[in-house]
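Engineer: Right, I'll just put the structure down here and ask away after.
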Amino acid sequence: MTPRAALIAGILATALGLSAQAEGITVSPKDLSKLAAVALSQQDPATALRFTAALLTRDAQDATALILKSQAERDLGRNAQARLSAKAAWAAAQNDQEKYGAAMAMAQALSSSGRRTAAQLWLRRASEVAPSDIALLVATRDFDYVRSRNPLSLRFDIGLRPSSNLNNGATNPMFEFMGFPFQLSGDALALSGVEASAALSGQFRLADSEQGATDLRFAGSQKLVWLSDKAQAQAPEARNSDYAFAGIELGLARRGKLGLGEVIYSASLGAGHNWYGGADLTDYARADLGLEAPIGRKATGFALVSAETQHSLMAGQGSAQIFGLTGGVMAKRGNGDTVKLALDLGKTRSDIAPSSYDAVGLTLDYTRARPVLGVVLAGNLGLEARDYPVSPYDIGGRQDFRLSAGLSATLTQISYMGFSPVLSVTMAQARSTVAIYETQTLGVGLSVRSNF
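So in the numbering used here the end of the sequence shown lands on 914, straight run, no missing numbers.
Here it is as structure tokens:
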């Protein structure tokens with residue numbers, strides 16, 4: 463018998479009864495837990511399992527022993543037993559240190575079982591009870607690793623947004639047509655209220671190689687509206703359900719490198735269906751092709767071309783073909799802040815002539831890297847001009863100009879399982895050569911965002 467084996471045998475003999483001494487060796491439960499951890503670190507899970515068995519004989523609710531037992535079982539390939547031990551450890555945990563260890567052990571067992579989405583959930587639980595900044599960093603690092611190996615990626619978005627103009631209604635109640643004044647109906651004017659939204663999107667990796675990755679993508683969204691008392695008085699016949707919106711989409715996407723260079727391409731195909739006011743609105747199909755290339759050390763140039771065909775399912779709404787071209791640059795400043803500038807060109811052609819237009823837009827996004835008093839700030843500005851060659855209200859057509867701005871604040875000091883609340887303020891104002899298309903919107907939103 464080797465000296466190491468003799469030592470372990472002596473420790474086990476003592477541990478099985480947890481007596482005061484055996485051949486001069488004194489072992490406390492705390493020391494035995496440390497020895498089990500050492501055995502695990504030396505890739506000897508069988509010995510660690512024997513140590514934990516001794517500890518659990520003494521106290522079946524020993525959370526630390528259950529955590530070590532789960533890790534040993536996982537290292538031995540006994541993933542089902544490892545999950546049961548981690549579950550028992552979570553139930554027996556008395557403090558954040560033990561809860562953290564149990565959550566990490568469960569995540570490891572689930573990941574080894576191929577259940578990586580569930581493992582990500584437990585890593586979020588671990589982040590919630592992390593007893594130190596280092597422990598939080600480890601949970602976040604493991605989350606990123608599991609996510610990178612998970613073929614399934616999911617994203618949830620929920621939000622609540624009071625708005626002064628839920629229906630994109632006109633600002634001015636009067637307009638002139640052929641020299642005669644007309645008054646708009648209440649539901650054609652801006653209606654205030656609250657909008658709630660929820661969306662689920664995700665992708666499943668179908669193929670992955672050094673050349674690129676192919677994903678199946680899916681998405682669904684729902685928006686509900688509650689009109690204010692003022693809006694209901696302004697438009698008595700309007701119902702909340704009249705402004706509800708929902709959509710679903712399914713598609714394929716491919717992303718990879720061109721040759722041996724640093725140019726990255728992306729291509730996607732998608733099809734979807736939209737509802738508005740509880741009725742079918744449109745069916746659509748869309749194709750996108752994009753390129754990204756580094757510009758220097760801290761900037762990336764990008765370009766995207768898109769084409770979409772929409773088939774209207776609602777009376778009075780024309781089908782359309784939509785084409786877009788976007789180009790821009792995204793750069794990281796010396797302090798880590800991110801700046802993105804993009805130019806958008808668009809062309810829409812509809813069965814209904816007044817719905818056809820050409821557009822040009824410019825957007826600027828800025829995100830601070832470092833929090834300010836625990837708040838991550840981001841802002842955006844947008845400017846768009848549209849030209850409608852045909853208008854029923856003006857023989858010269860119609861021209862619209864739209865200015866938008868937004869500011870968001872992510873409250874990172876408030877976090878639950880890695881999610882933090884986001885407060886946002888948005889403003890948009892549209893000017894038009896035809897008065898009924900002039901709008902103004904102010905909204906304040908509350909949503910949730912993942913910190914990792």
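Using N, Cα and C, we set each Cβ at its ideal position, and we do this for glycine too.
Could you check whether A569 and D606 sit closer than 8 Å to each other, using their CB atoms as the reference points?
Structural biologist: What you label residue 606 is simply residue 144 of the sequence shown in a count that begins at 1. What you label residue 569 is simply residue 107 of the sequence shown in a count that begins at 1. In this structure, A569 does not lie closer than 8 Å to D606 by Cβ.
Engineer: E657 and L614 - do their beta-carbons sit closer together than 8 Å?
Structural biologist: Position 152 of the sequence shown, counted from the start, is the residue given in the question as residue 614. Position 195 of the sequence shown, counted from the start, is the residue given in the question as residue 657. No. Outside cutoff.
Engineer: Should S894 be labelled buried (16 or more other beta-carbon atoms within 10 Å of its own) or exposed?
Structural biologist: As a first step, residue 894 must be located in the sequence shown, where it is residue number 432. S894 is buried by the Cβ-count criterion.
Engineer: When the Cα atoms are used, what is the spatial distance from A467 to A551?
Structural biologist: Locating residue 467 in the sequence shown gives position 5, where the first residue counts as 1. Locating residue 551 in the sequence shown gives position 89, where the first residue counts as 1. Low local confidence applies: a pLDDT of 42 at A467 is under 50, so the model's placement there is unreliable, and no value is given.
Engineer: Using a Cβ distance threshold of 8 Å, determine whether the region 693–710 contacts the region 642–652, with at least three qualifying pairs required.
Structural biologist: yes
Engineer: Do V791 and L753 count as a contact pair if the criterion is CB distance below 8 Å?
Structural biologist: Here the question's residue 753 lines up with position 291 in the sequence shown. Here the question's residue 791 lines up with position 329 in the sequence shown. No, they are not a contact pair.
Engineer: Enumerated in chain order, which unbroken segments of the beta strand (DSSP E) with a length of 3 residues or greater are wholly contained in the region 741–803?
Structural biologist: Counting only runs of 3 or more, we get 741–757, 761–774, 782–794.
Engineer: Can you give the Cα-Cα distance for I710 and S818, rounded to whole angstroms?
Structural biologist: Taking the first residue of the sequence shown as position 1, residue 710 is located at position 248. Taking the first residue of the sequence shown as position 1, residue 818 is located at position 356. Spanning the two alpha carbons is a distance of roughly 25 Å.
Engineer: Hey, how far is the Cα of R577 from the Cα of F863?
Structural biologist: Taking the sequence shown and counting its residues from 1, the one referred to as residue 577 is at position 115. Taking the sequence shown and counting its residues from 1, the one referred to as residue 863 is at position 401. One C-alpha to the other measures close to 50 Å.
Engineer: Does the beta carbon of E560 sit closer than 8 Å to a beta carbon anywhere in chain B?
Structural biologist: In summary, chain B is missing from the structure at hand, where a single protein chain is found.
Engineer: Return helix, strand or coil for P465, following the three-state DSSP convention.
Structural biologist: Taking the sequence shown and counting its residues from 1, one reaches residue 465 at position 3. Residue confidence for P465 is low, a pLDDT of 46 falling below 50, so the modelled location carries little weight and cannot support an answer.
Engineer: I'd like to know whether the C-beta atoms of D619 and S909 end up nearer to each other than 8 Å.
Structural biologist: Here residue 619 is taken as the residue at index 157 of the sequence shown, counted from 1. Here residue 909 is taken as the residue at index 447 of the sequence shown, counted from 1. Yes; because the gap between Cβ atoms is below 8 Å, this pair is in contact.
Engineer: Determine, using beta carbons only, whether A777 and T810 come nearer to each other than 8 Å.
Structural biologist: Indexing the sequence shown from 1 puts residue 777 at position 315. Indexing the sequence shown from 1 puts residue 810 at position 348. Not closer than 8 Å, so no.
Engineer: Indicate the three-state DSSP secondary structure (helix, strand or coil) for E535 in the structure shown.
Structural biologist: Taking the first residue of the sequence shown as position 1, residue 535 is located at position 73. Correct three-state label for E535: helix.
Engineer: Using the DSSP secondary-structure output, state which residues sit across from P643 in a beta bridge.
Structural biologist: Counting from one through the sequence shown, the residue named residue 643 turns up at place 181. For P643, which the question treats as bridged, DSSP gives the partners E638.
Engineer: Which value, in whole angstroms, describes the spacing of the CA atoms of I898 and M889?
Structural biologist: Sequence index remark: in the sequence shown, residue 898 carries index 436 (1-based). Sequence index remark: in the sequence shown, residue 889 carries index 427 (1-based). Cα-Cα distance, rounded: 19 Å.
Engineer: Apart from the five residues on each side of it in sequence, which residues of its chain come closer than 7 Å, Cβ to Cβ, to S547?
Structural biologist: The residue you call residue 547 lines up with position 85 of the sequence shown. L528, K531, S532, E535.
Engineer: Using CA atoms only, rank isn't needed, just tell me which of S866, V887, L865, F914 is closest to F881.
Structural biologist: As a working mapping, residue 881 is identified with position 419 in the sequence shown. Out of S866, V887, L865, F914, F914 has the C-alpha closest to the C-alpha of F881.
Engineer: Does DSSP classify S812 as helix, strand or coil?
Structural biologist: For this step, residue 812 is matched to residue 350 along the sequence shown. Note: S812 maps to strand in three-state DSSP.
Engineer: For S774, tell me which candidate among I814, A554, L803, G808 has the shortest Cα-Cα distance.
Structural biologist: Counting from one through the sequence shown, the residue named residue 774 turns up at place 312. When only C-alpha atoms are compared, the closest one is I814.
Engineer: By Cβ distance, which residues of its chain are closer than 6 Å to P833, with the 5 residues on each side in sequence left out?
Structural biologist: What you label residue 833 is simply residue 371 of the sequence shown in a count that begins at 1. Excluding positions up to five away in sequence, the list reads T874.
Engineer: Specify, as a first and last residue, the run of the beta strand (DSSP E) that M889 falls within.
Structural biologist: Within the sequence shown, numbered from 1, the residue matching residue 889 stands at position 427. Element bounds for M889: 881–894.
Engineer: Ends of the beta strand (DSSP E) at V906?
Structural biologist: Counting from one through the sequence shown, the residue named residue 906 turns up at place 444. Start and end: 901–912.
Engineer: Write down the C-beta distance between R848 and A821 rounded to the nearest angstrom, noting that I regard them as a contact closer than 8 Å.
Structural biologist: Reading the sequence shown from its first residue, position 386 is the one you call residue 848. Reading the sequence shown from its first residue, position 359 is the one you call residue 821. Contact flag correct, Cβ pair sits at about 5 Å.
Engineer: Inspect the beta-carbon positions of S703 and S654 and report whether they are closer than 8 Å.
Structural biologist: One-based indexing of the sequence shown puts residue 703 at position 241. One-based indexing of the sequence shown puts residue 654 at position 192. It is not a contact, given that the beta carbons lie outside the stated cut-off.
Engineer: Please list the terminal residues of the continuous alpha helix (DSSP H) segment that includes V600.
Structural biologist: Position 138 of the sequence shown holds residue 600. Residues 595–611.
Engineer: Can you list, in chain order, the residues of its chain with a C-beta nearer than 6 Å to that of G486? Leave out the 5 residues immediately preceding and following it.
Structural biologist: For this step, residue 486 is matched to residue 24 along the sequence shown. Bear in mind that the predicted position of G486 carries a pLDDT of just 49, short of 50, making it unreliable; the figure below should be weighed with that in mind. None.
Engineer: Nearest to P624 by CA position, among K685, P635, E590, is which residue?
Structural biologist: As a first step, residue 624 must be located in the sequence shown, where it is residue number 162. Per the Cα distances, K685.
Engineer: May I have the straight-line CA-CA distance separating K802 from A501, to the nearest angstrom?
Structural biologist: Here residue 802 is taken as the residue at index 340 of the sequence shown, counted from 1. Here residue 501 is taken as the residue at index 39 of the sequence shown, counted from 1. If I take the Cα positions, the gap works out to 51 Å.
Engineer: List the DSSP bridge partners of V834.
Structural biologist: For the purposes of this step, residue 834 is taken as residue 372 along the sequence shown, with counting starting at 1. In DSSP, V834 forms a bridge with V837.
Engineer: In whole angstroms, give me the CA-to-CA distance for A793 and N842.
Structural biologist: Counted from its first residue, the sequence shown places residue 793 at position 331. Counted from its first residue, the sequence shown places residue 842 at position 380. Approximately 15 Å, taken between the alpha carbons.
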